[in-house]
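Colleague: Protein chains in written order, with this note's numbering: chain L, 440 to 754; chain E, 807 to 1250. Note that the Cβ used here is the ideal one computed from N, Cα and C, for glycine as well. In this text the structure is predicted, and so the values were computed from the model without any measurement. Can you keep this structure in mind? I'll have questions shortly.
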């Protein structure tokens, strides 16, 4: 009698395993086939992208760097690989690690607010953005292990790697023509109104900026070393914000991040206090993001600075 | 072994609070023995001492700040320049649940329905049994204590049934409740920026969220206990099938409703039986106001409970008229009318459960009736809609409160049955929220 029960358990495990592999396989196929969308931007940055200049980071990267302006101004190819969502330094670090296995860009911009190196639990939750890559890029497990002690167990399931991605896969695969962006740059069309601008919106209020996140600091230093060893010009940029009182300017964690950049002779271009943008509501879509007009001005400024500082020659 | 696991489980949240739990356990353990041995007069004294100690712990940790915040406000109104200091302490997890369970033991011993438990370990387990420690069901000693004395053996049907029930609980929690939670949190945390239509959708969805969250927890807890061979009481019996608010309370959080019925409502009604119908009404208002306070130390919870008491009073007073009306109406129309009115009340009243202050609750309800507009949409809703569809398909026509005994979980064809269970498992893995919050009822 018990033998029959064990046999049934065995059959159930087989059925479950098959279901998981089939569903996981379909989700994997749909994931890598996406022709646009945030996951496409990550995939493209670590697979096919060969641009001279690349920008990585969060929504502020995605909305602030207009590739057409860079290409027109300095004659080099440019890809915006910023991903909406604010994944701390983990996602750019993973992208750089994999991208530089394929080729060496001339310049990599990493959009960063140094305060974001403070501890915030959300950064760990959001590491799940890297889960789908665990099969093809096993190194990603070094980041994922920070998220969850039981992740190794959960990743036994292939479907779990694509958790919460079914909607994105359907939308971006089936309705891709509705999401056309120029080299992944997504301009914000609207403008902040003078009234909106006084609203209390603070994009990084959740960070414990009094203490550096040790894991983040280690990854940050590792990222700098990877770039230095490959002789790529790395520039960290803190792009404009509407009003710099929105952040705890600069906290212990922020100062520590800037110190690390200085110690390693890495450029940090800080525009968060730049008078061209400060309190100019018509250049912003919201308090943390430039609109298209602001992004175009900002992209021009960066392109000119690349040339004027001799980082690249004007073609 | 079970006791050690339960201690470990409780200490996982805040280890030091286990001392509070053991304080009440030791006290009630001895109170039970003393009550059994004592004379009639002394019995009552021991019971009162035990109740004061239990309610005292509850008051210090849950109600102290609420009471003194209100006293401080009163003093300000009367221009008295004194502020009582407030405590900066975290509420021990599940305090209201295990305190009520402990109180039910001493009351039952006092009433002579239960023998005092002599084995300290078993009594501790009665309070601390981990599948139901933090959010119930609030057990009665008659149902569970004897089970801890029984020798448990491996029974395949129990293990398989328990695991199926846990699976369904996980589905309700991770795929429905936590998905809906993403949308509802986004709306309620910025309620001033949302119109009435969105707030209405969030209010409707909150009813589903709280059901799936709490009944999901109970399914997991009852299922886990079943795996080990224990039978816990049912806490839900498909509450959204109710046709009246009184029926809702016979189907929703049944272990709490029956607790209040046995230990508060019935004694009030019996002690005031000379008042006739008014004793019942008085009992309802008091019981449901206390039930509101049990849920949370704030005015919105008290009002939430009080309004339930008022609506139940209305149902008692209009019982005959409503019966005549429903006899006159066609059956299906009567059912629709009853459901719409009950759901409308429940949904709007749950707004008081979700918000953090009375003022914001009234704002939300006012907006629902006045500000219509475009509904805020979030992609996570699609996953939840899939989950709700599954919930409706599976729970719609069930008879037994234990879903693991239902036909759908026991399809005779092995391949179909395992395919269904695999589908549920994969749905959880692919569409569940794994970074979500705690169970809503953990805060009580």
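From this set, E:912, E:970 and E:962, which residue's C-alpha is nearest residue 948 (chain E)'s C-alpha?
Modeller: For the purposes of this step, residue 948 (chain E) is taken as the residue at position 142 of the second chain. The residue with the shortest Cα to Cα distance from residue 948 (chain E) is E:912.
Colleague: Could you run through the stretch 815–843 of chain E and flag, in chain order, every residue whose CB is less than 8 Å away from some CB of chain L?
Modeller: The residues in question: there are none.
Colleague: Count the other CB atoms, across all protein chains shown, that sit within 10 Å of the CB of residue 1079 (chain E); report buried if there are 16 or more and exposed otherwise.
Modeller: Here residue 1079 (chain E) refers to the residue found at position 273 of the second chain. Exposed, because fewer than 16 other Cβ atoms sit within 10 Å of the Cβ of residue 1079 (chain E).
Colleague: When the Cα atoms are used, what is the spatial distance from residue 668 (chain L) to residue 740 (chain L)?
Modeller: Translated into the one-based positions of the first chain, residue 668 (chain L) becomes position 229. Translated into the one-based positions of the first chain, residue 740 (chain L) becomes position 301. Rounded to the nearest angstrom, the two C-alpha atoms are 28 Å apart.
Colleague: Three-state secondary structure (DSSP) at residue 1078 (chain E)?
Modeller: As a working mapping, residue 1078 (chain E) is identified with position 272 in the second chain. DSSP places residue 1078 (chain E) in coil when its eight states are reduced to three.
Colleague: Roughly how many angstroms lie between the CA atoms of residue 862 (chain E) and residue 909 (chain E), to the nearest whole one?
Modeller: As a working mapping, residue 862 (chain E) is identified with position 56 in the second chain. As a working mapping, residue 909 (chain E) is identified with position 103 in the second chain. One C-alpha to the other measures close to 12 Å.
Colleague: Over the uninterrupted beta strand (DSSP E) stretch that includes residue 518 (chain L), give me the two end residues.
Modeller: Locating residue 518 (chain L) in the first chain gives position 79, where the first residue counts as 1. Unbroken beta strand (DSSP E) run through residue 518 (chain L): 517–519.
Colleague: Alpha carbon to alpha carbon, what distance is there between residue 936 (chain E) and residue 500 (chain L)?
Modeller: Taking the first chain and counting its residues from 1, the one referred to as residue 500 (chain L) is at position 61. Taking the second chain and counting its residues from 1, the one referred to as residue 936 (chain E) is at position 130. Their Cα atoms are separated by approximately 48 Å.
Colleague: Who are residue 723 (chain L)'s beta bridge partners in DSSP?
Modeller: For the purposes of this step, residue 723 (chain L) is taken as residue 284 along the first chain, with counting starting at 1. Note: residue 723 (chain L) sits in a beta bridge opposite L:729.
Colleague: As an exercise, report each continuous alpha helix (DSSP H) stretch of at least 4 residues that is fully enclosed by the stretch 1158–1234 of chain E, in chain order.
Modeller: Counting whole runs of 4 or more residues, the stretch 1158–1234 of chain E contains the alpha helix (DSSP H) stretches 1164–1176 and 1186–1201.
Colleague: Bridge partners for residue 706 (chain L) per DSSP, in chain order?
Modeller: For the purposes of this step, residue 706 (chain L) is identified with residue 267 of the first chain, where counting begins at 1. Note: residue 706 (chain L) sits in a beta bridge opposite L:674.
Colleague: Could you tell me which residues DSSP pairs with residue 550 (chain L) in its beta bridges?
Modeller: As a first step, residue 550 (chain L) is located in the first chain; it is residue number 111 there, counting from the start. Paired residues: L:676.
Colleague: Can you pull the chain E neighbours of residue 605 (chain L), defined as C-beta to C-beta under 8 Å?
Modeller: As a first step, residue 605 (chain L) must be located in the first chain, where it is residue number 166. Going along chain E in sequence order, the residues near residue 605 (chain L) (Cβ under 8 Å) are 1189, 1236 and 1237.
Colleague: Determine the extent of the alpha helix (DSSP H) in which residue 592 (chain L) is found, giving its start and end residues.
Modeller: Indexing the first chain from 1 puts residue 592 (chain L) at position 153. Residues 590–593.
Colleague: According to DSSP, simplified to helix, strand and coil, what is residue 651 (chain L)?
Modeller: Mapped onto the first chain, residue 651 (chain L) falls at position 212. It is a strand residue.
Colleague: Give, in chain order, every unbroken run of the alpha helix (DSSP H) that is at least 4 residues long and sits entirely within the stretch 811–899 of chain E.
Modeller: Runs found: 824–843, 846–864 and 870–883.
Colleague: Name the DSSP beta bridge partners of residue 950 (chain E), please?
Modeller: Here residue 950 (chain E) corresponds to residue number 144 of the second chain, with the count starting at 1. Looking at the DSSP assignment, residue 950 (chain E) forms no beta bridge with any residue, so it has no partner.
Colleague: So, does the CB of residue 994 (chain E) fall closer than 9 Å to a CB anywhere in chain L?
Modeller: Walking along the second chain from the start, residue 994 (chain E) turns up at place 188. No, no contact with chain L.
Colleague: So does the stretch 1016–1033 of chain E actually touch the stretch 962–975 of chain E, counting three or more Cβ pairs closer than 8 Å?
Modeller: Touching, yes, given that three or more Cβ pairs across the two stretches are closer than 8 Å.
Colleague: One question on the structure: do residue 546 (chain L) and residue 672 (chain L) come within less than 9 Å of each other, judged by their Cβ atoms?
Modeller: Translated into the one-based positions of the first chain, residue 546 (chain L) becomes position 107. Translated into the one-based positions of the first chain, residue 672 (chain L) becomes position 233. Yes, these two residues count as a Cβ contact at 9 Å.
Colleague: Taking 8 Å as the limit between beta carbons, can you name the residues of its chain near residue 1059 (chain E), skipping five residues before and five after?
Modeller: Counting from 1 along the second chain, the entry for residue 1059 (chain E) is found at position 253. Contacts found: 942, 1020, 1041 and 1042.
Colleague: Quick one: list the residues of chain E neighbouring residue 450 (chain L), beta-carbon separation under 9 Å, in chain order.
Modeller: Taking the first chain and counting its residues from 1, the one referred to as residue 450 (chain L) is at position 11. Here the neighbours are 1220, 1221 and 1224.
Colleague: Just confirm the distance between the C-beta atoms of residue 976 (chain E) and residue 1234 (chain E), as a whole number of angstroms; I'd bet it's less than 8 Å.
Modeller: Taking the first residue of the second chain as position 1, residue 976 (chain E) is located at position 170. Taking the first residue of the second chain as position 1, residue 1234 (chain E) is located at position 428. Their Cβ separation, rounded to whole angstroms, is 6 Å, which keeps residue 976 (chain E) and residue 1234 (chain E) in contact under 8 Å.
Colleague: Sorted by chain position, which residues of the same chain lie with C-beta nearer than 6 Å to residue 693 (chain L)'s C-beta, five sequence neighbours on each side aside?
Modeller: What you label residue 693 (chain L) is simply residue 254 of the first chain in a count that begins at 1. Hits under 6 Å: 553 and 554.
Colleague: For residue 1024 (chain E), count neighbouring C-beta atoms within 10 Å of its own C-beta (all shown protein chains included) and say buried if the count is 16 or more, exposed if not.
Modeller: Residue numbering aside, residue 1024 (chain E) sits at position 218 when the second chain is read from its first letter. With 16 or more other Cβ atoms within 10 Å, it is buried.
Colleague: If you run the structure through DSSP and keep just helix, strand and coil, what is residue 494 (chain L)?
Modeller: The residue given as residue 494 (chain L) occupies position 55 in the first chain. In this structure, residue 494 (chain L) counts as strand in the three-state DSSP scheme.
Colleague: Hey, could you find the ends of the alpha helix (DSSP H) residue 1068 (chain E) is sitting in?
Modeller: On the second chain, position 262 is the one that residue 1068 (chain E) refers to. From DSSP, residue 1068 (chain E) is part of no alpha helix (DSSP H); its letter is neither H nor E.
Colleague: At least one CB of chain E closer than 9 Å to the CB of residue 598 (chain L): is that the case?
Modeller: Your numbering for residue 598 (chain L) matches position 159 in the first chain. Interface residue, yes.
Colleague: Would you call the CB atoms of residue 585 (chain L) and residue 570 (chain L) closer than 9 Å?
Modeller: For the purposes of this step, residue 585 (chain L) is taken as the residue at position 146 of the first chain. For the purposes of this step, residue 570 (chain L) is taken as the residue at position 131 of the first chain. It is not a contact, given that the beta carbons lie outside the stated cut-off.
Colleague: Return the Cβ separation of residue 1224 (chain E) and residue 454 (chain L) in integer angstroms, given the expectation that the two are a contact with Cβ distance under 8 Å.
Modeller: The sequence position of residue 1224 (chain E) within the second chain is 418, counting from 1. The sequence position of residue 454 (chain L) within the first chain is 15, counting from 1. 4 Å between Cβ atoms; contact.
Colleague: Excluding five sequence neighbours on each side, which residues of the same chain lie with their C-beta closer than 8 Å to the C-beta of residue 602 (chain L)?
Modeller: Taking the first residue of the first chain as position 1, residue 602 (chain L) is located at position 163. Correct list, in chain order: 567 and 570.
Colleague: Just to confirm, is the Cβ distance from residue 556 (chain L) to residue 475 (chain L) under 9 Å?
Modeller: The residue you call residue 556 (chain L) lines up with position 117 of the first chain. The residue you call residue 475 (chain L) lines up with position 36 of the first chain. Cβ distance not < 9 Å, so residue 556 (chain L) and residue 475 (chain L) don't count as in contact.
Colleague: Measuring straight from C-alpha to C-alpha, what distance separates residue 609 (chain L) and residue 1127 (chain E)?
Modeller: For the purposes of this step, residue 609 (chain L) is identified with residue 170 of the first chain, where counting begins at 1. For the purposes of this step, residue 1127 (chain E) is identified with residue 321 of the second chain, where counting begins at 1. Each residue's Cα considered, the two are about 53 Å apart.
Colleague: For the stretch 485–495 of chain L against the stretch 504–520 of chain L, are there 3 or more C-beta pairs whose distance is under 8 Å?
Modeller: Verdict: yes, contact present.
Colleague: Can you check whether the C-beta of residue 643 (chain L) is within less than 9 Å of a C-beta belonging to chain E?
Modeller: Locating residue 643 (chain L) in the first chain gives position 204, where the first residue counts as 1. Only weak support exists for where residue 643 (chain L) lies, its pLDDT of 45 falling under 50; the coordinates are left without a value.
Colleague: Would you mind sorting residue 1077 (chain E) into buried or exposed? The rule is 16 or more other CB atoms within 10 Å of its CB.
Modeller: To locate residue 1077 (chain E), count along the second chain from 1; it is residue 271. Exposed is the call here.
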